[in-house]
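Shown next, in structure tokens, is the structure this report addresses.
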Amino acid sequence: STITAGLTSRLYDATDGAELARLTVAQRHRFTPRRVFLNALDSKDNQSMSNILLDGAIRWNPHWSAETSLDYDQRTNKAVSARLGVRYAPRPYRVVTANISRQTGGNEQLDVGWQWPLNDLWGDKGKTLPAGQGEGAGRWYMLGRVYYSLTNRRVTEALAGLEYDSCCWIARVAVRSQQTQTLPVRMNHSVMLQLEFNGLARIGTGALQLFRDNVPGYTPLREAQLTQPSRFGRYD
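Numbering (the numbering used here), first residue to last: 482 to 717.
Put into structure tokens, the structure is as follows:
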């Protein structure tokens, strides 16, 4: 049996209730020794107190924000893992994220994700419509995420997607590559196609769910907002 204790402090914007900053510290205490382990190395970690977990975030303005996390081992006075990320989201359906992480042993990884209308490239900014209705018919959206190992200097996973909104239906295509073996390097490649008829059904594989799960900040082109959010909705 275990118990986890944590402390979180938040700073909110008094005008709209949006979170401006957050800081969390947590630690788990184990009352009885562990009996199940994932591997032989894991079996050596049978301490009653877990590492200290730190998490923080700050929003500089409505468009820019940053967050960080740290897994700290107080027994060795070293960080087991650390992550730092930034996010830029100027308007709906437009977001770019970048994260850099480091783990014990010196393994470093960079990942970049994005969602952005292709029509912006030729000056077509689209229409301002209610949430969950896209930006008008005849618009293309690109999205994806890439994981790059700074240690091994190669891409370990990549996702590239394309969406077309015709107003009555939405077409999606996703291409994904994942590293399945290190030496020799082997990649697994897959393609997903999906056609969504607005308000009716989706045909094809789960490209939409793939985008939701893997692209940080991804906003679906069709997602009705059932209730008007409260200005104090972010308060606990």
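Ideal Cβ positions, reconstructed from N, Cα and C, are used throughout, including at glycine.
- By the C-beta criterion, the stretch 582–592 is judged not to be in contact with the stretch 612–624, since fewer than 3 inter-stretch pairs fall below 8 Å.
- F678 is bridged by DSSP to W650 and A682.
- In the structure shown, A495 falls within a coil segment according to DSSP collapsed to helix, strand and coil.
- When R575, V666 and A688 are compared, the shortest CA-CA separation from K606 is found for R575.
- The beta carbon of G594 sits closer than 6 Å to the beta carbons of T578, R626, V696 and P697 from its chain, once the five residues preceding and following it are set aside; these are given in chain order.
- The DSSP-derived three-state label of Q690 is helix.
- Counting other Cβ atoms within 10 Å of its Cβ, S529 stays below 16 and is therefore classed as exposed.
- Taking a cut-off of 8 Å for Cβ pairs, the stretch 503–510 and the stretch 532–541 touch, as three or more such pairs fall below it.
- Boundaries of the beta strand (DSSP E) harbouring N580: R575 to Q584, taken from the DSSP string.
- Around the C-beta of E704, fewer than 16 other C-beta atoms lie within 10 Å, and the residue is accordingly described as exposed.
- Residue nearest to A639 within the set L691, R568, R564 and P543 is L691 (criterion: CA-CA distance).
- In chain order, Y645 and L676 place their CB closer than 6 Å to the CB of A652, counting only its own chain and leaving out the 5 sequence neighbours on each side.
- Contact between L631 and Q662 is absent: CB atoms are separated by about 20 Å, not below the 8 Å threshold.
- The count of Cβ pairs closer than 8 Å, one atom from the stretch 565–573 and one from the stretch 540–554, reaches three, so the stretches are in contact.
- Ranked by how close their Cα comes to the Cα of P598, the residues S482, L488, S490 and Y699 have Y699 in first place.
- Of the candidates R491, F512 and T549, the residue whose Cα lies closest to the Cα of I484 is F512.
- Between R564 and N580 a beta carbon distance of about 6 Å is seen, short of the 8 Å cut, so the two are scored as contacting.
- Looking at the DSSP output, Q555 bridges to nothing.
- DSSP, read as helix, strand or coil, puts D605 in coil.
- The three-state reading of DSSP puts N669 in strand, counting E and B together.
- In its own chain, leaving out the 5 sequence neighbours on each side, no residue places its CB closer than 6 Å to the CB of Q614.
- Excluding the 5 residues flanking it on each side, V654 has same chain C-beta neighbours closer than 6 Å at L643 and L674, in chain order.
- In the DSSP assignment, S482 falls outside any beta strand (DSSP E), carrying neither H nor E.
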